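For reference, the structure discussed in these notes is given below.
There are 2 protein chains.
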Amino acid sequence: MIQLPDPTLSRLFDPRSIAIVGASATPGKIGAMPVTLLRQHGYEGRIIPVNPRADTIQGLAAAPSLNALDQDVDLAILAVPAAHAAQALQSARPGQLGAAVIFTSGYAETGAAGAEQQQRLCGIARERGIRLLGPNCLGFMNVRRKVYATFSPAPANGAVPAGGIAMVSQSGAFGAYAYSMARERGLGLSHWISTGNEADIDVADCIEWLAHDADTRVIMAYMEGCRDGAKLRRALAAARAAGKPVVVTKIGRTQAGAQAAASHTAALAGDDAVYDALFRQYGALRARTIEEFFNLGYALDTWPRPPAGRRLGIFTISGGVGALMADEAQDAGLALPEPAAAAQARLLAQVPFASARNPVDVTGQAISEPGLLLATADDILADGRYDALAVFLAAAGSSEALWPTFENFAREMQARHPGVPLAISALFTPERRRQLERLGCLVFPDPSAAIRTLGTVAQLADHADAAAEPAASSDDPPPLLDAYNEVQAMDLLRRAGLPATPCILATDADAAVRAAAELDGPVALKIVSPDIVHKSDVGGVKLNVAGEDALRRAHADILDAVRRHAPEARIDGVLVAPMAPKGVECIAGVHCDPVFGPVVMFGLGGVFVEVLKDVSFRLAPFGRDEALAMIREIKGYALLQGARGTPPCDVDALADALAALSRFAHARRDDFSSVEINPLLALPAGQGALALDAVVMRAGLNR
Amino acid sequence: MIQLPDPTLSRLFDPRSIAIVGASATPGKIGAMPVTLLRQHGYEGRIIPVNPRADTIQGLAAAPSLNALDQDVDLAILAVPAAHAAQALQSARPGQLGAAVIFTSGYAETGAAGAEQQQRLCGIARERGIRLLGPNCLGFMNVRRKVYATFSPAPANGAVPAGGIAMVSQSGAFGAYAYSMARERGLGLSHWISTGNEADIDVADCIEWLAHDADTRVIMAYMEGCRDGAKLRRALAAARAAGKPVVVTKIGRTQAGAQAAASHTAALAGDDAVYDALFRQYGALRARTIEEFFNLGYALDTWPRPPAGRRLGIFTISGGVGALMADEAQDAGLALPEPAAAAQARLLAQVPFASARNPVDVTGQAISEPGLLLATADDILADGRYDALAVFLAAAGSSEALWPTFENFAREMQARHPGVPLAISALFTPERRRQLERLGCLVFPDPSAAIRTLGTVAQLADHADAAAEPAASSDDPPPLLDAYNEVQAMDLLRRAGLPATPCILATDADAAVRAAAELDGPVALKIVSPDIVHKSDVGGVKLNVAGEDALRRAHADILDAVRRHAPEARIDGVLVAPMAPKGVECIAGVHCDPVFGPVVMFGLGGVFVEVLKDVSFRLAPFGRDEALAMIREIKGYALLQGARGTPPCDVDALADALAALSRFAHARRDDFSSVEINPLLALPAGQGALALDAVVMRAGLNR
């Protein structure tokens with residue numbers, strides 16, 4: 001199905017006519033800026049200043065109000081105080097106005113009264129079919145179409161050239177700073193959008209629209225929170241489907257940052273771990289800092305395509321800095337395979353004291369023998385064993401005399417190995433830097449920044465063939481209960497495809513004997529009661545029970561002990577289950593995020609979850625690959641691979657269990673608010689996984 | 001005791017006469033560069049070209065050889081092939097030459113034959129009392145004294161001004177790149193030194209000399225490895241004692257980096273974790289990247305003094321970026337205390353929609369009300385609750401109109417709060433940036449880099465009053481045994497002041513009964529044999545034994561079982577010990593690093609050590625504060641603070657035990673090669689720590 005961009009947003013971002021309400025002739029005034037910028041940059045549509053107290057503004061005929069105009073207007077820019085903004089929208093005839101950008105502040109960001117005014121504004125716009133950007137925003141620019149619907153002074157200090165990067169920022173200050181940095185870094189923009197209070201259009205709307213925009217290759221987004229999780233997921237999915245990488249900075253990574261974000265933004269910040277899961281899942285690259293944000297945008301914009309995998313070649317004329325780069329590569333999760341033996345031998349034959357492994361260090365010899373650089377790099381890349389190449393030229397990079405060598409190196413490498421992105425570290429002048437960039441090379445003064453950027457961008461390869469989300473299970477669900485004891489919970493999960501250990505609720509001793517006979521081998525008996533949480537404390541557990549006599553005795557003992565210790569407890573019966581095999585104890589759970597819905601958690605039991613908070617998250621539903629990524633993400637993963645002398649675990653079975661749990665959680669999101677499987681036992685490889693106990697909570701029921 | 005700089009190094013780095021052996025008149029030749037640079041920069045001492053085939057070189061009278069000169073020479077620069085270098089040194093009369101810088105390569109870096117030649121060079125120099133820098137180095141510069149004993153082209157592309165930063169780099173390529181970056185960043189240097197193969201003078205020698213150098217305020221070092229750990233410790237201690245911060249980049253942090261380093265450098269790389277411990281212990285700031293290296297040097301050079309602690313104020317005109325900075329602050333281990341209530345109230349009275357907590361966000365209001373910035377920041381700092389202030393000015397920072405406001409802000413803040421370092425994030429022009437730097441302000445385009453730098457530099461406060469190393473225990477040690485069983489090992493550690501649980505070796509049942517009576521309460525019995533490692537497997541352990549009969553029975557059972565399962569085992573007796581109280585199991589150990597000697601390790605038992613490798617290291621000996629830092633450093637520290645419902649542990653007692661272990665390890669470093677205490681039990685607060693079992697290994701004995 002071909003997705004089309006939202007036509008109301010197309011009308012906003014690519015308007016044929018723009019009215020500026022509150023247009024001013026006084027330079028520096030908010031209402032003067034858009035008129036000036038539109039004319040300065042040569043906007044080709046119609047510009048209509050609206051001001052009741054002037055006939056012309058900056059030489060253009062002005063209208064006293066929107067309804068005084070007889071034609072339709074695609075976009076109105078409201079540069080008037082809050083009191084007049086609603087009035088201006090109201091003055092538009094139904095259908096006359098496509099969208100409005102509202103610079104005005106004093107709305108939701110100031111408190112309850114402002115939020116009410118903002119609601120009113122939205123109501124008026126909705127009635128008239130007007131889309132709103134803002135209020136309390138810096139507006140937007142469509143650089144190619146020369147639409148400067150902004151009062152940010154940033155473009156006045158020097159415009160950014162048209163290019164393939166779209167920037168969308170909830171924060172105007174961040175956006176303006178990013179615009180200025182883009183200019184400094186020489187990046188070209190397609191659009192620059194600030195969403196402000198997001199009364200109507202939010203960052204997700206913009207991402208989705210940009211995913212369909214022909215001028216945009218890379219989407220860079222800054223966000224503080226999100227109110228509509230489903231829309232954001234749809235937007236990120238659209239960008240992924242369109243092959244447009246998304247770089248995102250979201251504040252509130254840490255507790256301190258989240259507190260600061262909450263005190264700042266009106267939007268619900270939500271749980272950062274869930275955002276992190278979302279970005280991983282949809283292949284959006286999260287940048288922690290403005291520097292990273294730009295390095296990623298720069299890389300994705302400069303390279304014809306991102307690296308196809310994680311195999312990095314490091315190529316230097318300094319062994320020490322090569323090792324520094326190798327350190328960074330390991331931190332960044334990149335692999336450093338050795339060059340082919342023949343290529344190594346050829347280098348060592350020429351330069352006996354070179355290092356021919358990876359990092360490849362041709363030594364300072366590269367300076368006296370300029371051909372060495374290209375010949376060696378070309379040789380090393382010949383058999384396709386590298387996905388990217390990072391080159392460090394040391395201080396020689398600044399040499400006048402060697403520039404032709406370096407320029408030729410970059411040109412030839414791009415020509416001969418177009419599929420292998422190239423990053424060069426050296427201190428070039430800005431002009432030379434831009435020359436290399438035009439060839440498709442990245443240039444970084446700091447070699448570690450080059451490696452870090454490569455490491456992050458390589459994540460895109462993991463998602464290159466990301467499967468569509470798995471269909472939710474379509475089984476006819478059994479009728480809902482108000483509450484689920486552990487036997488019912490396990491039954492529910494078993495039907496959903498999870499490997500729940502068999503367990504049978506026996507309401508009397510005979511039933512327990514029959515159950516044990518069914519299960520074969522010694523069994524565990526446990527009291528089942530909605531009123532008893534700590535079963536052992538009331539004598540409610542007997543392990544390793546074998547034989548009918550022992551079984552009847554254990555059953556009686558349990559009931560006696562429970563009646564003695566908890567005489568008031570309601571008793572559902574006694575659970576009979578096989579004794580658990582040996583395995584590594586894991587925990588899997590689902591909770592319902594208020595913004596994104598059901599989120600699946602995975603971790604190892606014991607100190608891993610309780611002390612180290614070593615858990616990973618994904619939004620439901622997801623498939624096995626995502627589940628595997630989720631399992632590999634935890635720090636204690638080595639334990640599942642067979643650390644401590646135990647055999648490696650059946651990680652595939654764990655992944656299948658998590659994927660099944662995610663499908664269940666998604667399909668039944670209206671029925672259940674949480675699931676906890678503890679322990680979920682990871683058995684040795686080939687033997688599967690086993691849920692030993694589970695608690696499920698109904699949604700919407702006060703319990 | 002006042003330490004004086006090594007006079008032989010002073011003669012090298014501040015020479016009154018310099019001979020250039022292999023001096024050349026041909027521009028671009030290695031032998032031409034130092035003569036040209038020395039004259040160009042106006043070196044005031046005597047320059048003596050040495051060349052047997054010319055009477056004058058670059059207009060200076062040349063000597064045919066060193067021994068043809070009748071006067072002494074402080075420094076000879078050898079710019080001749082390896083074959084002639086030894087000859088040149090040999091030609092110096094004993095006592096004539098103070099030091100030589102040897103550019104020549106082809107020595108140890110090329111393999112065994114080269115290493116032998118290098119040895120020969122050293123022998124010749126040692127005989128004649130000549131100190132050597134190099135070979136295979138780029139030489140050095142003393143910027144203030146205009147000594148350019150280098151053939152690096154870096155200063156020819158533009159000289160770095162004189163300043164307070166000394167740079168010393170084992171790698172010439174790194175050094176040359178760092179020189180160029182210093183020029184780009186506008187940093188001033190006192191010295192620039194490349195040590196190359198370090199046949200004689202190494203990075204540690206240079207650090208120690210620079211610690212005493214009056215021109216140097218900050219020492220920036222790059223190293224690949226170290227062969228003399230004691231010297232490096234002495235050097236870092238000297239710098240700390242002189243109050244000169246050391247910023248260090250050492251390659252080989254990761255396995256990939258260490259492999260790369262090992263294949264590159266002739267020096268022993270050693271265990272990176274030990275270097276890391278060393279740097280922490282001596283307050284040297286480790287930089288992972290060239291960028292970090294420079295940010296740290298820049299901060300330490302620009303600020304009159306580093307922050308006195310970790311309390312950071314974040315001050316912005318953008319709430320979103322404030323939250324981004326708060327995220328980074330939390331990652332960097334900085335605290336974000338709130339401003340005083342009165343100061344918060346005053347800000348909110350002026351700007352009701354500001355955020356008055358920390359981050360303090362005065363909002364865009366700062367642009368329309370320029371006085372707001374200074375008044376608020378001043379108010380917030382008034383009661384001394386911040387150690388540093390990080391300010392983000394967003395795109396407004398680039399505004400022409402607002403520059404006077406910002407400049408005044410920086411000037412006034414420095415004047416009113418001189419003890420509080422200030423870092424400003426904005427996109428200033430280079431000139432304005434330098435203006436702010438001259439006022440003592442840091443400027444960073446990336447606010448996160450500002451915070452990260454502050455976080456690292458704040459580590460210096462932890463070491464501001466670092467106590468001298470504790471005196472090693474001076475007890476008369478008992479006579480050495482060839483091997484120690486666990487009872488003897490525990491006895492040894494108990495005498496060294498460690499809280500070893502009492503344990504008595506009983507050679508017969510009567511002795512076991514007497515021992516149990518001494519210990520009071522139920523006891524554990526364990527077989528003691530040098531041939532039995534897994535005691536339980538041979539029935540060699542009985543726990544919780546109480547009463548004489550039970551004791552005799554258990555003793556007999558153990559001996560029976562062991563004789564049956566391990567008939568060949570030599571038996572020392574049966575160990576009697578009290579049953580262990582409840583506590584958190586930790587592990588402490590000592591191993592002997594080939595470069596740095598005894599290193600103490602600490603970790604939590606179980607998965608923490610085995611799966612997560614969650615351990616910390618310190619070089620012995622150290623005191624309680626260092627031991628506390630070591631304990632707090634592990635990821636599982638929360639467990640000792642009372643996670644999982646257990647009471648908090650006696651961390652002080654743990655620290656005392658580690659400090660005692662470190663003193664023992666240091667004092668007896670020639671006698672013992674390793675100690676492992678497992679478990680070292682951390683008891684609840686106030687109840688101490690308890691070593692339950694220990695293994696010690698003698699040094700130098702093959703076992």
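Taken in sequence, the protein lines are chains U and E. Numbering of the first sequence is given in full-length UniProt numbering, commencing with residue 1 and proceeding in unit increments. Numbering of the second sequence is given in full-length UniProt numbering, commencing with residue 1 and proceeding in unit increments. Heads up, the beta-carbon is just placed ideally off N, CA and C, and yes, glycines get one too. Just so you know, these numbers come straight off a predicted model, no measurement behind them.
Contacts between Leu639 of chain E and chain U, judged by CB atoms closer than 7 Å, involve Val607 and Val611 in chain order. Residue state for His212 of chain E is assigned as coil, using DSSP reduced to three classes.
Lys250 of chain U: member of the beta strand (DSSP E) spanning Val246 to Lys250, first to last residue. In the three-state reduction of the DSSP assignment, Gly688 of chain E falls in the coil class, being assigned neither a helical nor a strand state. When the Cα atoms are used, Asn136 of chain U and Ile102 of chain U turn out to be separated by approximately 7 Å.
Under the three-state reduction of DSSP, Trp192 of chain E is assigned to strand. A residue is called buried when at least 16 other Cβ atoms come within 10 angstroms of its Cβ; Asp614 of chain U meets this threshold and is buried. Secondary structure in the UniProt domain "CoA-binding" (12 to 107) of chain E: the beta strand (DSSP E) runs of 3 residues or longer, each lying completely within the stretch, are 17 to 21, 46 to 50, 73 to 78 and 97 to 102 in chain order.
A straight line joining the alpha-carbon of Leu89 of chain U with that of Ala173 of chain U spans about 26 Å. Fully enclosed alpha helix (DSSP H) runs of no fewer than 4 residues occupy 403 to 416, 430 to 438, 447 to 457 and 459 to 462 of the segment 402 to 469 of chain U, in order along the chain. Annotation for Leu551 of chain U: Ala509, Ala512, Val513, Ala516, Val523, Leu525 and Val545 place their beta carbon closer than 8 Å to its own, counting only its chain and skipping 5 residues before and after. Only exposed fits Lys582 of chain U, as fewer than 16 other CB atoms lie within 10 angstroms of its CB. Non-local beta-carbon contacts of Cys206 of chain E in its own chain, meaning distances under 6 Å to residues more than five positions away in sequence, involve Val168 and Ile193 in chain order.
The closest CA to that of Pro502 of chain U, considering only U:Leu312, U:Ala694 and U:Leu374, is found on U:Ala694.
For the options E:Asp625, E:Ser616 and E:Gly603, the alpha carbon positioned closest to that of Leu681 of chain E is the one of E:Gly603. The beta carbon of Gly163 of chain U sits closer than 7 Å to the beta carbons of Leu187, Gly188, Leu189, Ser190 and Asp301 from its chain, once the five residues preceding and following it are set aside; these are given in chain order.
DSSP places Glu486 of chain E in the helix class (H, G or I) of the three-state scheme. Leaving aside the five residues that flank Leu639 of chain E on each side, the residues in its chain whose CB is nearer than 7 Å to its CB run, in chain order, Val584 and Leu604. Taking 8 Å as the CB threshold, Ser318 of chain U lines the interface with chain E. Put simply, the backbone Cα of Glu198 of chain U is about 55 Å away from that of Thr363 of chain U. Proximity of Gly257 of chain U to chain E, defined by a Cβ-Cβ separation below 8 Å, is satisfied.
In the DSSP assignment, Asp557 of chain E falls within the alpha helix (DSSP H) that extends over Glu548 to His565. Taken through DSSP and simplified to helix, strand or coil, Thr302 of chain U comes out as helix.
For Ser616 of chain E, the enclosing beta strand (DSSP E) covers residues Val615 to Leu619.
By the CB criterion at 8 Å, Leu661 of chain E and Ala588 of chain E fall inside the cutoff. In this structure, Ala82 of chain E sits away from Ile130 of chain E, with a CB-CB distance that is not shorter than 8 Å. Nearest CB-CB separation between Phe315 of chain U and chain E: not below the 8 Å threshold.
In the DSSP assignment, Ile527 of chain E forms a beta bridge with E:Val574.
Burial check for Gln87 of chain E: the Cβ neighbour count within 10 Å stays below 16, so the residue is exposed. Residues Gln641, Gly642 and Ala685 of the same chain have their beta carbon placed closer than 6 Å to that of Pro648 of chain E, with the five preceding and five following residues left out of the count.
Contact with chain U is absent for Asn197 of chain E, since none of that chain's Cβ atoms lies less than 8 Å from the residue's Cβ.
In the three-state reduction of the DSSP assignment, Tyr386 of chain E falls in the coil class.
Contact check for Ile571 of chain U against Ser529 of chain U passes: the beta carbons are separated by less than 8 Å. For Lys635 of chain E, the chain U residues whose C-beta falls within less than 8 Å of its own C-beta are Leu612, listed in chain order. Exclusion of the five residues before and after Gly419 of chain E leaves Arg305 and Ala308 as the residues of its chain whose Cβ lies within less than 8 Å of its Cβ. For Ser180 of chain E, the number of other beta carbons within 10 angstroms of its own is at least 16, and it is reported as buried.
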